[in-house]
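Q: Residues in the sequence shown are numbered from 2 upward in steps of one, following the working numbering.
Every residue gets a Cβ at the ideal spot worked out from N, C-alpha and C, and that includes glycine.
These figures come from a predicted structure and were not determined experimentally.
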Amino acid sequence: MSYEVQGVIAKGKGAPVTLETVLVPDPGPGEAVVTVQACGVCHTDLHYREGGINDDFPFLLGHEAAGVVEAVGAGVTGLEPGDYVILNWRAVCGNCRACLRGRPWYCFATHNATQKMTLADGTVLSPALGIGAFIEKTLVAAGQCTKVDPRAKPAVAGLLGCGVMAGLGAAINTGGVSRGDSVAVIGCGGVGNAAILGSQLAGAGTIIAVDVDPRKLEWARDFGATHVVNSRESDPVEAIREFTGGHGADVVIEAVGRPETYEQAFYARDLAGTVVLVGVPTPDMRLDLPLLDVFGRGGALKSSWYGDCLPSRDFPMLIDLYLQGRLNLDGFVSETIGLGDVEEAFAKMHRGEVLRSAVVL
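1. Hey, how far is the Cα of V25 from the Cα of M118?
2. Pairing CB atoms from the stretch 108–117 with CB atoms from the stretch 287–299, are three or more of them under 8 Å?
3. Run through the DSSP bridge pairs and tell me what V370 is partnered with.
4. Report yes if the CB atom of P237 is closer than 7 Å to the CB atom of V277, and no otherwise.
5. Give me the DSSP bridge partner(s) of L61.
6. With a cut-off of 8 Å on the beta carbons, I'd call I136 and G8 a contact; round off their distance for me.
7. Measuring alpha carbon to alpha carbon, tell me which of G68, G131, L120 ends up nearest V6.
8. On the premise that H44 lies in contact with A129, defined as a C-beta separation below 8 Å, what is that separation, rounded to the nearest angstrom?
9. Assuming S358 and V165 are in contact, meaning their beta carbons sit under 8 Å apart, how far apart are those beta carbons, in whole angstroms?
10. Quick one: what does DSSP say K154 is sitting in, helix, strand or coil?
11. Given a threshold of 16 other Cβ atoms within 10 Å of its Cβ, counted over all protein chains shown, does A273 qualify as buried or as exposed?
12. Does DSSP classify A121 as helix, strand or coil?
13. Between A269, E243, G246, F244, which has its C-alpha nearest I254's C-alpha?
14. L47 lies in the beta strand (DSSP E); which residues open and close that run?
15. Considering only residues of the same chain and omitting the five flanking positions on each side of K349, which have a CB-CB separation below 6 Å?
16. Across the stretch 160–178 and the stretch 48–67, are there enough close Cβ pairs to call them in contact, namely three or more that are closer than 8 Å?
17. Taking DSSP's pairing of strands, which residues face H112 in a bridge?
18. Give me, in chain order, the residues of the same chain whose beta-carbon lies closer than 7 Å to that of L140; leave out the 5 immediate sequence neighbours on both sides.
19. Going by C-alpha distance, which of A205, L101, K154 is nearest V69?
20. Pull the bridge partners of S304 from the DSSP assignment, please.
21. Would a C-beta distance cut-off of 7 Å place L126 and P59 closer than the cut-off?
22. Just curious, the alpha helix (DSSP H) that G348 is in, first and last residue?
23. Relative to the C-alpha of C146, which candidate in I132, R152, G341 has its C-alpha closest?
24. Do the CB positions of A226 and I187 come within less than 7 Å of each other?
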């Protein structure tokens with residue numbers, strides 16, 4: 002038996018997405034079917050549609066999702082129908098060298114569902130980030146489901162499944178932002194603003210937001226930035242130094258993913274400061290830095306993949322903080338839309354009009 006549902010499909014590079022009938026199989030061993038209640042529209046979904054990830058078309062898009070478990074397969078423990086969950090794209094294996102060393106957030110053998118979802122004619126679909134959640138029901142590995150407090154609204158909770166977690170984790174987990182630190186964030190879209198929010202949560206004293214869009218800088222103030230810099234009008238490195246007593250920031254988070262902005266981050270940090278790259282570069286990009294400067298400045302140059310998060314640890318904690326009124330996740334949801342509105346949401350994202358559109362089913 003399978004479920005026959007509607008999902009958002011990218012059939013070819015650059016082609017507008019379409020709403021299609023999708024067949025979702027019953028969960029097999031270690032799998033779960035989840036009824037999706039909401040899913041954020043992330044820039045990664047647009048990358049898939051544009052062929053920027055790979056060319057395994059057709060794609061079932063969507064991955065920042067929350068919903069309710071419909072059914073579980075054989076051997077699944079700790080998860081049952083009716084559980085309210087956030088989906089993640091890194092079900093850890095528990096057995097690789099990272100997991101066995103107590104660092105499961107670095108798991109080298111993360112996995113997804115074994116079975117495939119298909120179109121009605123049998124065409125196999127590639128689910129975005131192993132999830133595919135612009136759909137009424139989706140099939141995932143049971144380990145991709147993290148139970149959280151059901152009082153959290155699905156449109157908000159789902160955002161922890163990717164972009165917001167990436168930014169929060171870049172500050173808290175990867176960057177190790179602590180009380181009184183100075184932090185600069187270059188790029189104030191959804192991920193960058195989440196890094197600003199995470200820095201505020203960690204107790205940073207000075208939080209500097211850098212972007213070229215005045216609207217995004219205003220959003221940054223709402224999430225806790227103490228200073229903003231429009232890098233079309235001012236040299237961001239000089240401005241960050243000015244706001245930090247001439248020293249540079251303790252932690253600089255690059256949320257754009259370009260060589261130019263990474264170089265700005267490198268020179269805007271204090272001696273022995275930390276640079277965190279969370280922006281996603283394209284395969285053709287290269288970086289040219291004087292090796293003597295890398296040696297002479299000390300500190301740390303880090304990459305943050307999914308905010309170095311462990312969903313079972315981080316999702317429930319962050320949802321609890323949200324329900325306590327201590328974490329402004331609501332601020333990321335610019336609008337709620339239907340499954341048929343994803344293409345227009347991509348256009349709004351490209352124009353910088355929204356932080357996140359959230360599909361609500």
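A: Working from what's here:
1. 5 Å
2. no
3. It is not possible to answer for residue 370, since the shown part of the chain is limited to 2 through 362.
4. no
5. I10, P128
6. 3 Å
7. L120
8. Not confirmed; about 12 Å, so no contact.
9. Not confirmed; about 14 Å, so no contact.
10. coil
11. exposed
12. coil
13. A269
14. Where L47 is concerned, there is no enclosing beta strand (DSSP E), although the alpha helix (DSSP H) it sits in stretches over 44–50.
15. V355
16. yes
17. A92
18. V25, P26, P28, E32, V34, A114, Q116, M118
19. K154
20. L278
21. yes
22. The amino acid occupying residue 348 in the given sequence is Ala; Gly does not appear at that position. Taken as a continuous stretch (DSSP letters only), the alpha helix (DSSP H) holding A348 covers 343–351.
23. I132
24. no
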